Structures are given as structure tokens and as C-alpha cells.
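Comments concern the structure below.
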Amino acid sequence: MTPSQNAHSSRSYLLFFLSSSIFIFVFLTSACTPKTPEVQEIVDQAIARSGGSTIENAEIQFKFRDYYYRAKREDGSRIFERCRDVACLLERDVLNSEGDFIRFRESAPIQVPDSMKQKYANSINSVHYFSVLPYGLNDPAVTKTLVDIHDVKGKSYYRVKVTFDEEGGGEDFQDQYMYWISTKDFTVDYLAYNYQVDEGGTRFREAFNERMINGVRFVDYRNYKPKTQFPLLTDLDAQFENNELILLSTIATENPEVTPLVSQ
-3 MTPSQNAHSS RSYLLFFLSS SIFIFVFLTS ACTPKTPEVQ EIVDQAIARS
47 GGSTIENAEI QFKFRDYYYR AKREDGSRIF ERCRDVACLL ERDVLNSEGD
97 FIRFRESAPI QVPDSMKQKY ANSINSVHYF SVLPYGLNDP AVTKTLVDIH
147 DVKGKSYYRV KVTFDEEGGG EDFQDQYMYW ISTKDFTVDY LAYNYQVDEG
197 GTRFREAFNE RMINGVRFVD YRNYKPKTQF PLLTDLDAQF ENNELILLST
247 IATENPEVTP LVSQ
């Protein structure tokens, strides 16, 4: 073999070695890189982590501010209640799966103006909805989108955007939500939303005081608002980290109790 042939052979071998090494590196890198789950899988994992299988057949009660709340979910139906006293004798509001609202006083139903029924029903539904989040994110009217993976305070999160269909989405179907779901343990540690009622606004909530009651995760929230009315929800975590949000209130669920039901 001549020197030129020998040099050509060496170059060919080097090129083959480099191309093979690059292929192996790319293959190993792609094989070792975890695949990002679909948004439905992320939400399913988050609901499971919060005790969704227990919530769907259980009685849950707690105190929130000046009212006592009780929810009964069983075999796809639900009854939400709100009472002024722990025994539910003075005044008891009941909201069923069909959206019917009834008010009782000392166990007797009383008349409520039609103009107020929806307001009371929305208020009751909102408290029960937030108390067991992310349970409810698989309702038929919910549309979920995985925006990206993003760090907040050094922890990695799936940022999931939630919108609602007009049909089945309630009066506030135009509201937009975002959930920060941990990529490690699938807890919802932050959430934010834009709302349109009463001139509209934006809120950002930070979960704290996590506790597990009979397999159901409960948290309280620090409730913040931004300095501008409708910023992008994706901007709120950075504003939170930079201490640019205004703390409005603390949302605390007191003395939660969970009684699992045996499905018939």
C-alpha cells in the first residue's frame, strides 16, 4: 500500500469511527432522555396523587371562613352543602349534580329569589371545587394543554393550561387557569387564573400546609394578585419569585374530614 493509499484508508477509518460514535452518542442520549408524558397522563397522575380514587366515593367536610361545608360524591353523583352552624340547623344550602339549589332553615325549605339562586350555587360550587383540586380537571367541559416544563424556586413543574367549553363550563367558562404540577411527585403546588366577573382580574395561589386526611391531600393557599390586571399566566411564576405580587389573603380549610363510602 502506498503512503497516499495508507493516508486515505486512515482518513476513511477515522470518519467511520467518528460517524459511528456520533450515532451511538445520539442513540444513547435519546434512549436515556425521559419522554415527556401527555397532558392527560400528567393530570391523571396529579389527581391520583391527591386521592382522587377516594374523593369520587366519599363524604368530605370542612370549615371555611364563616361556613361549614359538606360534600358527598358517590357513583358519579354529588351533593354539595353549606351551613351556618356545624349541625346544619340554622341555615343549610344544598346544590345537587343537576345544579338545583335549595335553601333550608331549621330543616324546612324556604323561598330564595331566582336572581340569587345562581349566585349562591356558584359560591358553593367554587369552594368545593378548590378544596379538592386537581380533582375535577377531567370533567367533560375541561380542555387541558401542556404549555412547557418550567422551574419555580429550583423545582421543576409541568405548566398545564386549562380552559372550559361553553357547554357544560358554567357561567365562568371564559376563565383561564394554569396549574404548576411537580414533575417529580405530581403535586399541584401553584395555580393561577384569570376571571371575568366584577370587572375581572388575575390571581396566583401558592399551596402550603399540605396534609393527608384518609388518603386525600388538602392544602391551604396564599392568595396573590399582580400589579396589572391581566398579565400572561405564564409570567406569574417569575413575578412571584421576584416578589412582585401582592399578597391579598390566606385561604385555609379548617378541620377537614374524609369518610370513604363503599360503592353499592
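Following the numbering used here, the numbering of the sequence shown begins with -3 at its first residue and continues without gaps. Backbone N, C-alpha and C fix where the C-beta goes; we use that ideal spot for every residue, glycine too. Here the structure is a predicted model, which means the values were calculated and not measured.
Between the segment 64 to 73 and the segment 95 to 103 there are fewer than three inter-stretch CB-CB distances shorter than 8 Å, so the stretches are not counted as touching. One thing to note: GLY47 has its Cβ no nearer than 9 Å to the Cβ of VAL258. Around the beta carbon of GLN36, fewer than 16 other beta carbons sit within 10 angstroms, so the residue counts as exposed. When the five nearest sequence neighbours on each side are left out, the beta carbons in the same chain lying within less than 7 Å of the beta carbon of LEU243 are those of ARG218, TYR220, in order along the chain. For TYR125, the uninterrupted alpha helix (DSSP H) segment begins and ends at 110 to 127. In the DSSP secondary-structure assignment, GLN41 is not bridged to any residue. Measuring C-alpha to C-alpha distances from THR183 to each of PRO109, VAL108, MET208 identifies MET208 as the nearest. At least 9 Å separates the beta-carbon of ILE43 from that of ASN121. Straight-line measurement puts the Cα of GLN225 at about 6 Å from the Cα of THR198.
In the DSSP assignment, ILE75 is bridged to LYS68, ASN92. Secondary structure at SER245: strand, using DSSP grouped into helix, strand and coil.
Judged by DSSP in its simplified three-state form, GLN192 adopts coil rather than helix or strand. The beta carbon of THR139 lies closer than 6 Å to those of THR159 in the same chain, with the five residues before and after it left out. PRO105 sits exposed, since fewer than 16 C-beta atoms from the chains shown fall within 10 Å of its C-beta. With fewer than 16 other Cβ atoms inside 10 Å of its own Cβ, GLN114 counts as exposed. Judged by DSSP in its simplified three-state form, GLN170 adopts coil rather than helix or strand. ASN238 and THR50 do not touch by the CB rule: their CB atoms are close to 38 Å apart, not below 8 Å.
In the structure shown, the three-state DSSP call for GLU237 is helix. Apart from sequence neighbours up to five positions away, the residues of its chain that approach ARG201 with a beta-carbon distance below 8 Å are TYR186, LEU187, ALA188, TYR217, ARG218, ASN219, TYR220, ILE247, ordered along the chain. Annotation: the continuous alpha helix (DSSP H) that includes GLY48 extends over 48 to 51. Annotation for SER152: the continuous beta strand (DSSP E) segment containing it runs 151 to 160. If you draw a straight line from the Cα of LEU241 to the Cα of ASN190, it is about 15 Å long. Annotation: the continuous beta strand (DSSP E) that includes GLN57 extends over 54 to 60. For VAL138, the uninterrupted beta strand (DSSP E) segment begins and ends at 138 to 148.
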